[in-house]
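Number of protein chains: 2
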Amino acid sequence: MSEATLGAMPFRVDNCSIERTLAVVGEKWTFLVLREAFGGVRRFADMQAATGAPRQVLSARLARLVDEGLLRKVPYREPGQRRRDEYRLTEMGRDLYPIMVALMHWGDRYRSGSDGPPVLLTHRDCGAPVEQHFRCAEGHEVAGPREVTPLPGPGARPAAPAAAPDRTTGAGPDGPPPHGGDTP
Amino acid sequence: MSEATLGAMPFRVDNCSIERTLAVVGEKWTFLVLREAFGGVRRFADMQAATGAPRQVLSARLARLVDEGLLRKVPYREPGQRRRDEYRLTEMGRDLYPIMVALMHWGDRYRSGSDGPPVLLTHRDCGAPVEQHFRCAEGHEVAGPREVTPLPGPGARPAAPAAAPDRTTGAGPDGPPPHGGDTP
DNA sequence: GAGCTAAGTCTATTTGACAGACTTAGATGA
DNA sequence: TCATCTAAGTCTGTCAAATAGACTTAGCTC
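Shown next, in the form of structure tokens:
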């Protein structure tokens, strides 16, 4: 996380959580594997068919996700066949759900064309569409980035003495940036 | 979106919104550019310094994001210098905010180590930490994937006659898959 | 041992990232 | 007019990863 990310904050945060997450999942094939895992697909061949990933890529991604703790292997054996492993989400893996939903919703809104969304996520108990919302710990609704203030957390690190020039203050035709100076 | 994604649903959804979103943003450098854009970073050199992206990669990503409508160019001119362009988020770009927050929160939880999160997103008006929640259109809280049912939406397409084998029903040591059969 | 099936692994080719160097496009001043 | 400057690219050769297609592996069954 850059200095500029925190505007005039006297801290530099380059150990960015976003970047850490991206180091694990920040590329297409991994997301598609996770998408399938959330859908209950567990076997290599099914993953391969569903994602279209080249075998070598899929093999590498699955191994990586197991290594990082997002998936785990579970042995299975079809009658008359050898023992094999399936891949299942761990709790850590399941906690990627908000990311997957957010990706889907953005695509629904901006990339589904005149057809509309192919899948609707509905509340199991009442059938109404599911939405994502921001709320603060005090219970207030938070509408979006403009109502959010990023502050240094416990993992923040001190900045170098020379702060970067602040080039975010030019309120142009669209007003100030989403945040009063930064990151999501 | 694969058949298996919808379990026993007689529909196949391969025009997946997630995949469409990933086609635009599904790789590390693009996410990092967006992270900076949300933080108010607008200029090439600042983006480059903040993300560490090789120039050629950055240039290509910026051009792509402008082309896709997530960023737009705004001319600026420092005194004594030539006219140049900055890059700013469009509304479409800003609507990626939930994805960025979700990426951050996952990283906060699972990848920030003993230091804890470097950045805390707080509610501007009261200072309490901001959280993401699921809620249905009827106003019910939805706790996570197990309370979500994916249904075909207007953009769903009919399946091929032969449904794929259902291999998600084996309730193993961790119970059924996150969804009763599917995608986020 | 032969045949089978699913999960990989291998190989040559193509594509994209990368580091470093170089170019471009206006503004300014002599 | 030309030299200088600055920021935003673009170029080039090298390395890494994706890709398509083929091949191998590991148990089970007969």
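In the order they appear, the protein sequences are chains A and B. For the first sequence, position 138 (counting from the first letter as 1) is numbered 138 according to this note's numbering, and the numbering increases by one without interruption. For the second sequence, position 68 (counting from the first letter as 1) is numbered 68 according to this note's numbering, and the numbering increases by one without interruption. Note that CB positions come from ideal geometry on N, CA and C, so glycine has one too. Here the structure is a predicted model, which means the values were calculated and not measured.
For a minimum of 3 consecutive residues, which ranges assigned as the beta strand (DSSP E) are wholly contained in the region 101-139 of chain B? Fully enclosed beta strand (DSSP E) runs of 3 or longer: 119-123 and 130-136.
Does the Cβ-Cβ distance between A23(A) and A102(B) come in under 7 Å? Along the first sequence, one-based indexing puts residue 23(A) at 23. Along the second sequence, one-based indexing puts residue 102(B) at 102. Not in contact: A23(A) and A102(B) (Cβ atoms no closer than 7 Å).
Do G116(A) and G153(B) count as a contact pair if the criterion is CB distance below 7 Å? Here residue 153(B) is taken as the residue at index 153 of the second sequence, counted from 1. Here residue 116(A) is taken as the residue at index 116 of the first sequence, counted from 1. A contact, by the Cβ cut-off of 7 Å.
What's the call for E19(B), buried or exposed, on a 16-neighbour Cβ count within 10 Å? By 1-based counting over the second sequence, the position of residue 19(B) is 19. Counting Cβ neighbours within 10 Å, E19(B) comes out buried, since at least 16 surround it.
Is the region 127-147 of chain B in contact with the region 127-137 of chain A, if contact means three or more CB pairs nearer than 8 Å? A contact between stretches requires three or more CB pairs, one per stretch, nearer than 8 Å, and the region 127-147 of chain B meets this requirement with the region 127-137 of chain A.
Does the beta-carbon distance from E36(B) to A50(B) come in below 7 Å? Counting from one through the second sequence, the residue named residue 36(B) turns up at place 36. Counting from one through the second sequence, the residue named residue 50(B) turns up at place 50. Taking C-beta atoms as the reference points, E36(B) and A50(B) count as a pair closer than 7 Å.
Among all the DSSP beta bridges, which residues are the ones paired with R88(B)? Here residue 88(B) is taken as the residue at index 88 of the second sequence, counted from 1. Per the DSSP secondary-structure output, R88(B) pairs in a beta bridge with R72(B).
Are there 16 or more other CB atoms within 10 angstroms of the CB of D108(A), so buried, or fewer, so exposed? Indexing the first sequence from 1 puts residue 108(A) at position 108. Per the 10 Å Cβ criterion, buried.
To which residues does DSSP link T21(A) through a beta bridge? In the first sequence, the residue the question calls residue 21(A) occupies position 21. For T21(A), which the question treats as bridged, DSSP gives no partner whatsoever.
Suppose the cutoff is 7 Å on Cβ atoms and the five residues either side in sequence are ignored; what does the same chain contact list for L71(A) look like? Along the first sequence, one-based indexing puts residue 71(A) at 71. The answer, listed in chain order, is A37, L62, L65, Y87, R88, L89, T90 and G93.
Inspect the beta-carbon positions of Y97(A) and P150(B) and report whether they are closer than 7 Å. Position 97 of the first sequence, counting from 1, holds the residue named residue 97(A). Position 150 of the second sequence, counting from 1, holds the residue named residue 150(B). No.
Cut-off 6 Å between Cβ atoms - residues of its own chain near P75(A), not counting five sequence neighbours on either side: By 1-based counting over the first sequence, the position of residue 75(A) is 75. Here the set comprises R83 and D85.
Keeping to the same chain, check which residues put their C-beta closer than 8 Å to that of V119(B); ignore five residues upstream and five downstream. For this step, residue 119(B) is matched to residue 119 along the second sequence. Shown here for V119(B): same chain residues with a beta carbon closer than 8 Å to its own, the five before and five after excluded, namely M104 in chain order.
Whole-angstrom distance between W106(B) and R42(A), CA atom to CA atom: As a first step, residue 42(A) must be located in the first sequence, where it is residue number 42. As a first step, residue 106(B) must be located in the second sequence, where it is residue number 106. A straight-line Cα-Cα distance of about 23 Å links R42(A) and W106(B).
Cβ of Q132(B) less than 7 Å from any chain A Cβ? Stepping through the second sequence from its first residue, residue 132(B) is reached at position 132. Output row for Q132(B): interface = yes.
Mind checking whether R124(B) and E147(A) have CB atoms under 7 Å apart? Position 124 of the second sequence, counting from 1, holds the residue named residue 124(B). Position 147 of the first sequence, counting from 1, holds the residue named residue 147(A). Contact: yes.
Please report the Cβ distance between E138(A) and C126(B), rounded to the nearest whole angstrom; I am assuming they are in contact, meaning their Cβ atoms lie under 8 Å. As a working mapping, residue 138(A) is identified with position 138 in the first sequence. As a working mapping, residue 126(B) is identified with position 126 in the second sequence. Contact annotation, E138(A) with C126(B): C-beta distance approximately 5 Å; criterion of less than 8 Å satisfied.
For T58(B) versus M47(B), is the C-beta spacing smaller than 7 Å? As a first step, residue 58(B) is located in the second sequence; it is residue number 58 there, counting from the start. As a first step, residue 47(B) is located in the second sequence; it is residue number 47 there, counting from the start. A small fix is needed here, since residue 58(B) is Leu in this sequence, not Thr. Against a cut-off of 7 Å, the Cβ pair of M47(B) and L58(B) comes out as a contact.
Report buried or exposed for R77(B), applying the criterion of at least 16 other Cβ atoms within 10 angstroms of its Cβ. Position 77 of the second sequence, counting from 1, holds the residue named residue 77(B). Answer is exposed; the Cβ neighbour count stays below 16.
Relative to the alpha-carbon of T122(A), which residue among V142(B), G26(B) and I99(B) has its alpha-carbon at the smallest distance? Residue numbering aside, residue 122(A) sits at position 122 when the first sequence is read from its first letter. For the residues V142(B), G26(B) and I99(B), the minimum Cα distance to T122(A) belongs to V142(B).
Excluding sequence positions up to five away, which residues of its chain have a Cβ less than 6 Å from the Cβ of L32(A)? In the first sequence, the residue the question calls residue 32(A) occupies position 32. So the qualifying residues of the chain are T51.
Mind checking whether S112(A) and G26(B) have CB atoms under 7 Å apart? Stepping through the first sequence from its first residue, residue 112(A) is reached at position 112. Stepping through the second sequence from its first residue, residue 26(B) is reached at position 26. No, the Cβ-Cβ distance between S112(A) and G26(B) is not below 7 Å.
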